[in-house]
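Notes follow once the structure below has been shown.
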């Protein structure tokens, strides 16, 4: 590449170095925008969790007859750990993107996308028993395809109680974030395979990472409030 | 790569911390007869885990004071809102402590 072509390439390449701002430092506009989007998203989750807390605190009967007592803590604990691991692979992807290592960035982005996909599969198992041939619990929490009228089968039906509705709205809204996060990750993965994030232009990977970590962060809180807070002991 | 001088060690340290806290979270509800303590412990662990992700994985520790403040201060609003609404629910319902 001659000097002129190199200068030309430089002129039209992505902007990778922002002027030093007194408040925001060298953070790119995209990164600041993602932070503000995440804040507004946190308000949505905050609202849903608050509604859940108030409904639960004031309920005379929280667990209605015919509903499961708990939501399968060991399985969901596994999903939590899966999401934490995918956060780790995302940090590694950003690390290698900063270092300009295209092959390793692509590899870790692919592993992170796989983590998101597996989490969605896990949620399908939790809701509908889609993987009941591996994990058991056919029908999942909704009792899909099962006879919910029978006393032996416990079903959590959307709309039948405050507990069921808040459960599906909160975990479903989070699942939607995992879905969009996985699509976002796959788009970033394709960009990485095309070599878009070389030459110091790692910011898109970093911004994608922010979204993905946020999905993990929210799940940490949802897991505690929706799954782990125990019911009062009988008597 | 190593010429960038950034260590990866913190990634594994945070992973270990998150794993240990997740195991503790799954074990805490096994304690019988101390429900308030269990709930307090669970919420504290969840906030600690969320802080770990926010500070080290989202690299908030690398940002300027201005960006840190713009992120952290708005997060205080849902908590304030929660305190007000729960206090109001307890006042109207006459609940000494959440029933469920």
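Residue numbers (my numbering), protein chains in the order written: chain F, 1 to 235; chain X, 236 to 335. We put the beta carbon where it would ideally sit given N, CA and C, even for glycine. Source: prediction; values computed, not measured.
Asked	Found
Can you tell me whether DSSP reads residue 41 of chain F as helix, strand or coil?	helix
Considering only residues of the segment 263-310 of chain X, which uninterrupted alpha helix (DSSP H) runs meet the minimum length of 4 residues and lie entirely inside it, listed in chain order?	270-287
Taking only three categories from DSSP, how would you classify residue 60 of chain F?	coil
What in chain F is Cβ-close to residue 243 of chain X, meaning under 9 angstroms?	91, 92 and 95
Are the Cβ atoms of residue 98 of chain F and residue 210 of chain F separated by less than 9 angstroms?	no
Does DSSP put residue 143 of chain F in a helix, a strand or coil?	coil
Does any residue of chain X bring its CB to less than 9 angstroms from the CB of residue 80 of chain F?	yes
Identify the residues that DSSP records as bridge partners of residue 21 of chain F: which are they?	F:25
Less than 9 angstroms between CB atoms is the rule here; does residue 35 of chain F satisfy it with respect to chain X?	yes
Does residue 87 of chain F have its Cβ less than 9 angstroms from a Cβ in chain X?	yes
Any chance the segment 71-85 of chain F sits against the segment 255-272 of chain X, with 3 or more Cβ pairs inside 8 angstroms?	yes
What is the rounded straight-line gap between the Cα of residue 170 of chain F and the Cα of residue 142 of chain F?	15 angstroms
Give the single residue among F:155, F:221 and F:200 whose Cα lies nearest to the Cα of residue 67 of chain F.	F:155
When the Cα of residue 184 of chain F is compared with those of F:17, F:65 and F:117, which residue comes out closest?	F:117
Just to confirm the assignment: which complete alpha helix (DSSP H) runs, minimum length 4, are found wholly within the segment 118-176 of chain F?	132-135
Compare the C-alpha of residue 83 of chain F against each of F:122, F:71, F:65 and F:62 and name the closest.	F:122
To the nearest angstrom, how far is it from the Cα of residue 288 of chain X to the Cα of residue 87 of chain F?	9 angstroms
For residue 174 of chain F, which residues of its own chain have a beta-carbon under 7 angstroms away from its beta-carbon, when the five flanking residues on both sides are left out?	218, 219 and 222
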